[in-house]
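A.B. asks:
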Amino acid sequence: MRSSRMAAAAGAVAAALALVLSACGSDSSTTGSGTSTSTSSGNSIADKAKNDKALNIGVKPDQPGLGLQSSSGQYSGFDVDVANYVANKLGATKINFVPTLSANREAFLQQGKVDMVVATYSITPERQKVVSFAGPYYVAHQDILVRADNTSIKQADDLKGKKVCSGQGSASGDRIEELYGSQVNLIRLPGYGDCVNQLLGGQVEAVTTDNTILAGFAAQPQNQGKLKVVGTFFSNEIYGIGLKKGDTKGVTAVDGALRAMFQDGQWRAALTKNLPQVSSETPPVIGKFDIPFQQ
Amino acid sequence: MGDFVSSEGHTILLAFWMTLKVSALSAAGALVLGTVLAAMRVAPLPVLRTVGTFYVNILRNTPLTLIILFCGLGLGSIITVAEVQTTNYFWLAVLGLTAYTAAFVCEVLRAGVNTVPFGQAEAARSIGLNFTQTLRIVVLPQAFRAVIAPLGSVLIALIKNTTIAAAIGVPEAFYTMRNQLQSHGDIVIPIFAGYALFFVVLTLPVGLFFGWLAKRWTVAR
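Protein sequence lines, in the order shown, are assigned to chains R and Z.
Quick note on our numbering: the first sequence kicks off at 142 and runs consecutively.
Quick note on our numbering: the second sequence kicks off at 163 and runs consecutively.
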């Protein structure tokens with residue numbers, strides 16, 4: 142009697158869980174269709190831009206210099222400038238920026254909540270299974286950010302024995318753990334803003350991740366003159382533009398737009414404006430996703 | 163999906179081990195501190211009562227996220243508990259969770275004290291026990307037995323609250339889950355469901371155990 146009641150209770154719990162999950166699923170799909178591409182005639186982003194003249198583009202809301210949403214809702218940064226340029230080349234005049242986090246970029250593309258993602262999106266084999274990438278439009282490198290007066294950290298090896306901060310879920314933090322293990326006194330906080338605050342406050346001596354992200358923080362008005370990017374490279378992070386899986390027509394169109402941006406100087410201008418500390422970089426080769434790292 | 167479990171299984175287990183460690187240490191700390199606070203709140207000395215009331219009202223009415231961030235990023239900038247950063251933040255998180263949960267333990271215990279008939283304390287005093295002896299030998303044992311089930315609820319809440327320690331870099335279950343979501347954006351819902359199930363596996367036995375204990379140890383009056 143007792144055990145059968147327990148079993149019934151367990152069954153009820155399972156059923157309730159299933160209900161909640163299915164409710165979640167249907168809910169997200171209905172909100173998805175509200176902003177989705179149902180009005181456009183073709184499946185490709187190239188057709189949608191031509192016909193609807195409107196695109197939803199996923200960008201980071203919290204990365205200064207790359208994609209940052211101001212309190213008034215305006216977006217700025219290198220990714221945002223690239224997104225604007227590409228969307229205009231494709232024929233879209235109305236661009237709706239959607240804040241995306243690293244964790245929901247794939248889901249937003251799959252559900253059609255965004256037509257493309259320009260959000261410090263590193264091209265990796267795992268991601269290529271679920272997303273089609275155009276580009277790359279930038280090759281970033283893992284680098285180190287220190288206080289302006291620091292002279293002891295010049296390369297990755299100098300991090301040994303030092304207090305270092307990196308982001309949760311970032312490849313940069315993983316790389317430090319792989320390379321140095323417990324030799325580097327590493328803490329991983331939810332956002333790089335937290336890390337930069339720890340650096341300014343003196344609790345850590347270095348922050349490490351993509352040089353683009355570090356340069357963005359160093360260029361913020363309140364941090365001017367207080368921080369510097371060391372300029373030592375220890376990886377290639379190949380930023381691509383994410384499109385819905387299988388949209389080869391879209392990839393070709395976006396690649397064309399990027400080539401134009403590289404050639405007419407707009408790419409350089411956007412880089413210098415948003416990320417002055419890394420603007421000496423040259424544009425990458427379109428379609429080359431596998432760029433081995435050389436020290 | 164199978165790939166995911168085989169490659170990340172070890173990390174997931176480590177994360178839940180961390181959740182357990184944070185929970186157990188905070189629970190022990192909160193039980194001790196909460197008992198002291200409850201004793202203060204029923205003490206005959208007005209100053210003790212005031213301090214106890216003040217503590218409970220501040221901690222109980224402040225969001226836990228704020229407390230944890232204060233411990234990690236605020237207190238952490240002034241004091242260093244351990245040189246290794248991950249250990250340092252681990253203890254700061256335990257401190258925050260202990261301080262917060264103790265307020266709830268205190269209130270539960272105080273409710274328990276109210277279930278003990280007044281005559282019990284009076285009898286204890288009349289045979290010559292002082293306040294601490296009365297509390298320790300007569301009142302608190304009965305009070306605890308009256309509130310075992312609600313203490314179980316506090317413990318369940320604590321286990322779930324440990325997820326907030328991720329905000330200061332403690333690699334517990336929520337931290338690991340969010341990391342995995344970043345690199346496995348294609349299986350977001352299964353990951354959520356898996357972690358939810360894991361938490362249920364942790365907390366359901368706690369509820370059942372405390373319910374059983376409450377029945378077994380109930381004070382017959």
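Just so you know, even glycine gets a beta-carbon here, dropped at the ideal spot from N, CA and C.
Does the stretch 242-250 of chain R touch the stretch 353-370 of chain R, meaning 3 or more C-beta pairs lie closer than 8 angstroms?
C.D. replies: No, the stretch 353-370 of chain R does not touch the stretch 242-250 of chain R.
A.B. asks: Taking R:R316 as part of the alpha helix (DSSP H), name the residues at either end of that continuous run.
C.D. replies: Its alpha helix (DSSP H) spans residues 312-321.
A.B. asks: Please classify Z:F293: does DSSP put it in a helix, a strand, or coil?
C.D. replies: Z:F293: helix per DSSP, three-state reduction.
A.B. asks: Exposed or buried, what is Z:I220 when buried is set at 16 or more other beta-carbons lying within 10 Å of its beta-carbon?
C.D. replies: When all chains shown are included, Z:I220 counts as exposed.
A.B. asks: Just mark R:T350 as buried or exposed, buried being the case when its beta carbon has 16 or more other beta carbons within 10 Å.
C.D. replies: Buried is the call here.
A.B. asks: Measuring CA to CA, which of Z:G274, Z:I174, Z:S168 is closest to Z:L359?
C.D. replies: Closest by alpha carbon: Z:I174.
A.B. asks: Please list, in chain order, the residues of the stretch 363-389 of chain R that have any C-beta partner in chain Z closer than 9 angstroms.
C.D. replies: Those residues of the stretch 363-389 of chain R that come within reach of chain Z (Cβ to Cβ, closer than 9 angstroms) do not exist; the list is empty.
A.B. asks: Identify the continuous alpha helix (DSSP H) that holds R:G218 and give its terminal residues.
C.D. replies: R:G218 -> no alpha helix (DSSP H), and no H or E assigned at all.
A.B. asks: Please confirm if R:Q344 has its CB atom under 8 angstroms from at least one CB of chain Z.
C.D. replies: R:Q344 counts as touching chain Z.
A.B. asks: Relative to the C-alpha of R:Q418, which residue among R:I427, R:R409, R:Y333, R:T353 is closest?
C.D. replies: Closest by alpha carbon: R:T353.
A.B. asks: Which of the three DSSP states, helix, strand or coil, is assigned to R:I294?
C.D. replies: The answer is coil: DSSP assigns R:I294 none of H, G, I, E or B.
A.B. asks: Would you mind stating whether R:E267 and Z:S345 have Cβ atoms separated by less than 8 angstroms?
C.D. replies: Contact flag set, yes.
A.B. asks: Please classify R:P202: does DSSP put it in a helix, a strand, or coil?
C.D. replies: Coil at R:P202, not helix or strand.
A.B. asks: Decide if the stretch 414-433 of chain R is in contact with the stretch 226-242 of chain Z; the criterion is three or more beta carbon pairs, one per stretch, under 8 angstroms apart.
C.D. replies: Verdict: no, contact absent.
A.B. asks: Could you compute how far the alpha carbon of Z:T324 sits from the alpha carbon of Z:L207?
C.D. replies: Each residue's Cα considered, the two are about 35 angstroms apart.
A.B. asks: Going by the CB atoms, is the gap between Z:V267 and Z:G196 shorter than 8 angstroms?
C.D. replies: Yes, the pair counts as a contact, with Cβ atoms nearer than the cut-off.
A.B. asks: For the stretch 241-260 of chain Z, which residues have a CB atom closer than 9 angstroms to at least one CB atom of chain R, in sequence order?
C.D. replies: Under the 9 angstroms Cβ criterion, the stretch 241-260 of chain Z contributes T242, E245, V246, Q247, T248, N250, Y251.
A.B. asks: Can you list the residues of chain R that Z:L343 reaches, using a CB-CB cut of under 7 angstroms?
C.D. replies: By Cβ distance, chain R contributes A244.
A.B. asks: Enumerate, from N- to C-terminal direction, the unbroken alpha helix (DSSP H) stretches of 4 or more residues contained entirely within the stretch 243-321 of chain Z.
C.D. replies: Counting only runs of 4 or more, we get 247-277, 280-288, 302-308.
A.B. asks: From this set, Z:A261, Z:L235, Z:N250, which residue's C-alpha is nearest Z:Y217's C-alpha?
C.D. replies: Z:Y217 has its Cα closest to that of Z:A261, out of Z:A261, Z:L235, Z:N250.
A.B. asks: Under 8 angstroms, Cβ to Cβ, is there at least one residue of chain Z near R:Q204?
C.D. replies: No, R:Q204 does not count as interfacial toward chain Z.
A.B. asks: Which stretch, first to last residue, makes up the beta strand (DSSP E) that contains R:P277?
C.D. replies: Per DSSP, R:P277 belongs to the beta strand (DSSP E) from 272-281.
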